[in-house]
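Protein chains in written order, with the working numbering: chain A, 6 to 271; chain B, 6 to 271; chain C, 6 to 271.
Glycine is no exception: its CB is placed at the ideal position from the N, C-alpha and C atoms.
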Amino acid sequence: MNQTIKKNLLRDLEAIRSTSPLVHNITNYVVMNNTANALLAIGASPVMAHSIEEVEQMASIASSLVLNIGTLSPNWVEAMILAAESAHNKGIPVIFDPVGAGATDYRNDVCARILRKCKPSIIRGNGSEIISLCRSIQTKGVDSTANSTDALEAAKELALKAEAIVVISGEIDYITDGQTVETNPYGATIMTKVTGMGCTATAILGAFAAVNPSPIEAALSAMTLMGVAGQVAACYSKGSGSMQINFLDELYNFNETTISRIDEKQ
Amino acid sequence: MNQTIKKNLLRDLEAIRSTSPLVHNITNYVVMNNTANALLAIGASPVMAHSIEEVEQMASIASSLVLNIGTLSPNWVEAMILAAESAHNKGIPVIFDPVGAGATDYRNDVCARILRKCKPSIIRGNGSEIISLCRSIQTKGVDSTANSTDALEAAKELALKAEAIVVISGEIDYITDGQTVETNPYGATIMTKVTGMGCTATAILGAFAAVNPSPIEAALSAMTLMGVAGQVAACYSKGSGSMQINFLDELYNFNETTISRIDEKQ
Amino acid sequence: MNQTIKKNLLRDLEAIRSTSPLVHNITNYVVMNNTANALLAIGASPVMAHSIEEVEQMASIASSLVLNIGTLSPNWVEAMILAAESAHNKGIPVIFDPVGAGATDYRNDVCARILRKCKPSIIRGNGSEIISLCRSIQTKGVDSTANSTDALEAAKELALKAEAIVVISGEIDYITDGQTVETNPYGATIMTKVTGMGCTATAILGAFAAVNPSPIEAALSAMTLMGVAGQVAACYSKGSGSMQINFLDELYNFNETTISRIDEKQ
């Protein structure tokens, strides 16, 4: 692994462990448990709260805000917008996971609204979600040529339009501000067979953004951590069940030795 | 294991793995994570979405629709009915899990309404849920003699009335269209100590119904898969915690060898 | 371990296993799965139901009612109050977990309302939650001197005001009726890195309160069970992922031998 990436990752992880940043998640029902466990495993402090009666105050005491529309409904979307306003007033980073963008018109409308109102500093999705998201903020409606644009081009375009760092999860993860592109080559295919791995990545982005003011550096550290922990866990996992558990164990124990296990194999 | 059952199960599982059918779940909060992981482990593609703003469109792009009333509330029930209408318009099978049927009047009313409006092609529950369900669609009110009817008789009656395949989970699973009865003798008692195993069975029924147009054949394959994976996992599980994980691993790795482990012991 | 504590714990656990009390949980989305699995592992029968259309009837057939405000919203709070009224009418114990008390004004208002309306017989939280809760029921507004009160003093005061047993989870757990104080010294630090361990403790308190009419004795048995199972599981857990699973296995297999593993080390 590149020495700068390694140094930054270990420094940011140490900062998370020593300061336990409160990460406020307004996320989906499927992954709340995974997300909370992953945040605890790396030393962060998760809180899940979605009621419009309290999201502004909760976001105001948090160190970052993670918005995830996996199981969205109108009340939750209103809560996301209120929480994001509060986060911006306090200068707290907002991370956005457009789960299922492109699947329904409602989801697309909500994505466009969240991009406009919540101004995330980091957006993470898979290739097709990022392509959908890029289209959804075009003022002239759906760009029919977008089908031929690959996800990375869409990510760059989205990054510039949304003034955010865009992360595409995939076999290789891409992280871009619209100009430069960073990559994370680590990971394992079996990670796609554990529900919520993408959502976990987004939550971990929230923890790193809480301790590193550079969103692109935070994103590179977070995605590298996910990839290395996943790749190491996959080596000794018997199936997708044990993978979920071993992944948390690797996050919990993550240190220089974890990285060296990957480097030795290359 | 009977060679036809084995051949059909492996053929259907291969179809799930190669086509990754999208299974739309409107299910309960307790089991969403298990359900999603079990569907991923067998190669299906789960989506959880419950908002009335999008369920019709989501169901229309799915290959099957799974309705589960474990933690029901009025909005969710409306979403189930809208999604089921959409599923019927697209010719997609609807699977129904009447969790807790019989426990409250509200649950019974909802069950009767779902049976009438959502026309499931497969219904799965435990014995007492099936007995309750059978009663709830009797036009003359609760049948006081139903107490003496065993669950299998109720299942047959329900299958005829609802024009659905009815599956009773238990020590032996029964699968009936009201006339013939198929059985799955595989499984393990410890499966009852892991929450959501029944709900997982229902979701897996959804995946099999997506690839096999015969609901009784799909149900037999799905319940046999559950039973065999559970029985094999139980052999080496230390308790109900590891059982949950080992079960997912067995689903993930399921093949002819898994079945042979059961056959050897008999 | 003290012989009386040991004898009572094993007797209460045996009662749970032989009678499978129905524990009705109105709890948060993050921990529903853990909570259900922990209750199943000790032999209880969990049910999660939150709709105002059915909570009164569900509570009326349960053996105890557990209220947890982790991911609260107005509808859920109304359901808690309705369910508690029903529980009181049936003489069923109510257990309350004030998750995040003190974090927002809304949470504090809800806590005060639940204390007044739901009259829990056992309240469990961490130190800062108990201090917040104690303040929230003072008639003269927030007591500015409360900052200097340690959690145990707040717990005693709360116990007397609320006429409840108060449990503080921490490195050592304290259990008080306002006069006497019992302690549980067992446990492991890694338990704080698994989400929902506190919520699981509260649910287990519900199971023990269902079989033991003395809330202080039930609380001491429940917290001792949690602590011993956690301490034993921690000895062979590689990280926070495997800890979650091993803890459930230890609950599932808990018996005199589990306790002797702790005693041997002292």
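What span of residues does the beta strand (DSSP E) with residue i cover, start to end?
{"i": "D17/A", "result": "No beta strand (DSSP E) holds D17/A; the alpha helix (DSSP H) holding it covers 8-24."}
{"i": "E187/A", "result": "186-189"}
{"i": "D178/C", "result": "178-181"}
{"i": "V172/C", "result": "170-174"}
{"i": "G130/C", "result": "127-131"}
Following the continuous alpha helix (DSSP H) through residue i, name the residue where it begins and the one where it ends.
{"i": "G246/B", "result": "245-258"}
{"i": "M53/B", "result": "No alpha helix (DSSP H) holds M53/B; the beta strand (DSSP E) holding it covers 50-53."}
{"i": "N33/B", "result": "Careful: N33/B lies outside any alpha helix (DSSP H) and carries neither H nor E."}
{"i": "L77/A", "result": "Unbroken run through L77/A: none, as it is neither H nor E."}
{"i": "S65/A", "result": "60-65"}
{"i": "N38/A", "result": "37-46"}
{"i": "D102/A", "result": "Unbroken run through D102/A is the beta strand (DSSP E), 99-102; no alpha helix (DSSP H)."}
{"i": "N113/B", "result": "110-123"}
{"i": "I209/B", "result": "202-216"}
{"i": "S219/C", "result": "Careful: S219/C lies outside any alpha helix (DSSP H) and carries neither H nor E."}
{"i": "D268/A", "result": "261-269"}
Could you work out which residues of chain A lie near residue i, taking near to mean beta carbons separated by less than 8 Å?
{"i": "R112/C", "result": "E59"}
{"i": "G105/C", "result": "V52, A54"}
Whole angstroms is fine: what's the gap from residue i's alpha carbon to residue j's?
{"i": "A20/B", "j": "R140/B", "result": "37 Å"}
{"i": "T32/B", "j": "K161/A", "result": "37 Å"}
{"i": "T243/B", "j": "A167/A", "result": "Here residue 243/B turns out to be Lys, not Thr, going by the sequence shown. The alpha-carbon atoms of K243/B and A167/A are separated by roughly 50 Å."}
{"i": "G146/C", "j": "R112/C", "result": "Caution is warranted here: a pLDDT of 37 is assigned to G146/C, below 50, making its placement in the model unreliable, and the coordinate value is therefore given only provisionally. Cα to Cα, G146/C sits roughly 15 Å from R112/C."}
{"i": "A106/C", "j": "N251/C", "result": "30 Å"}
{"i": "I128/C", "j": "M6/B", "result": "52 Å"}
{"i": "V186/A", "j": "P103/A", "result": "20 Å"}
{"i": "A88/B", "j": "L165/C", "result": "52 Å"}
{"i": "N42/A", "j": "N39/C", "result": "12 Å"}
{"i": "Y191/C", "j": "A206/B", "result": "38 Å"}
{"i": "D268/B", "j": "D254/B", "result": "19 Å"}
{"i": "K11/B", "j": "G130/B", "result": "24 Å"}
{"i": "V35/C", "j": "G75/A", "result": "15 Å"}
{"i": "S23/C", "j": "A224/C", "result": "19 Å"}
{"i": "I86/B", "j": "T109/B", "result": "20 Å"}
{"i": "E176/A", "j": "C123/A", "result": "29 Å"}
{"i": "D272/C", "j": "L77/C", "result": "An answer regarding residue 272/C cannot be provided, because it is not within the stretch 6 to 271 covered by chain C."}
{"i": "Q236/B", "j": "A169/B", "result": "28 Å"}
{"i": "A238/C", "j": "S245/A", "result": "22 Å"}
{"i": "G201/B", "j": "E134/A", "result": "30 Å"}
{"i": "V171/B", "j": "L44/A", "result": "42 Å"}
Between the options, which has its C-alpha nearest residue i's C-alpha?
{"i": "I47/A", "options": "V115/A, S245/A, V216/A, I221/A", "result": "V216/A"}
{"i": "A193/A", "options": "Y241/A, K122/A, Q184/A", "result": "Y241/A"}
{"i": "L120/B", "options": "S137/B, A224/B, L27/B", "result": "S137/B"}
{"i": "A227/B", "options": "F259/B, E269/B, G75/B", "result": "F259/B"}
{"i": "L230/A", "options": "I195/A, L256/A, S245/A, S247/A", "result": "L256/A"}
{"i": "P79/A", "options": "R118/A, S65/A, E269/A", "result": "R118/A"}
{"i": "S265/A", "options": "V233/A, S245/A, A239/A, G246/A", "result": "V233/A"}
{"i": "S50/C", "options": "V36/C, I66/C, V35/C, Q62/C", "result": "I66/C"}
{"i": "D178/B", "options": "I170/B, N189/B, F101/B", "result": "N189/B"}
{"i": "V82/B", "options": "R16/B, N30/B, P218/B, T9/B", "result": "N30/B"}
{"i": "I180/C", "options": "V52/C, S126/C, T200/C, S245/C", "result": "S126/C"}
{"i": "V28/C", "options": "K198/C, V52/C, D17/C", "result": "V52/C"}
{"i": "D64/C", "options": "S91/C, V115/C, M202/C, L44/C", "result": "The question names Asp, yet the displayed sequence has Ala at residue 64/C. Selected option, being the one with the closest Cα: S91/C."}
{"i": "G203/B", "options": "M37/B, N13/B, T9/B, S247/B", "result": "M37/B"}
{"i": "K198/C", "options": "D17/A, G183/A, S25/A", "result": "S25/A"}
Anything in chain C within Cβ reach of residue i, meaning under 8 Å, just list it in chain order.
{"i": "Y34/B", "result": "Y34, M37, M53"}
{"i": "G132/B", "result": "Within 8 Å Cβ-Cβ: nothing; G132/B doesn't reach chain C, min ~15 Å."}
{"i": "A41/A", "result": "V35, T200, G201"}
Who are the neighbours of residue i on chain C, taking C-beta pairs under 9 Å?
{"i": "F252/A", "result": "G246"}
Residues of chain B with CB closer than 9 Å to the CB of residue i, please, in chain order.
{"i": "L45/C", "result": "T197, K198, V199, T200, S245"}
{"i": "I66/C", "result": "A108, T109"}
So with CB distances below 7 Å, who are the chain B contacts of residue i?
{"i": "M63/C", "result": "A108, T109"}
{"i": "Y241/C", "result": "Simply none; closest approach about 10 Å."}
Which chain C residues sit within Cβ distance under 7 Å of residue i?
{"i": "L77/B", "result": "S56"}
Output, in chain order, the set of chain B residues within a Cβ distance shorter than 8 Å of residue i.
{"i": "N258/C", "result": "K243, G244"}
Cβ pair count under 8 Å reaching 3, the region 40-59 of chain C against the region 91-108 of chain C: No, the region 40-59 of chain C does not touch the region 91-108 of chain C.
Stretch-stretch touch, CB-based, cutoff 8 Å, three pairs: the region 198-218 of chain C with the region 64-79 of chain C: Counting Cβ pairs under 8 Å, three or more are found: they touch.
Near-chain D residues of the region 156-184 of chain C (beta-carbon distance less than 8 Å), N- to C-terminal order: In the structure shown, chain D does not exist; the protein chains are A, B and C.
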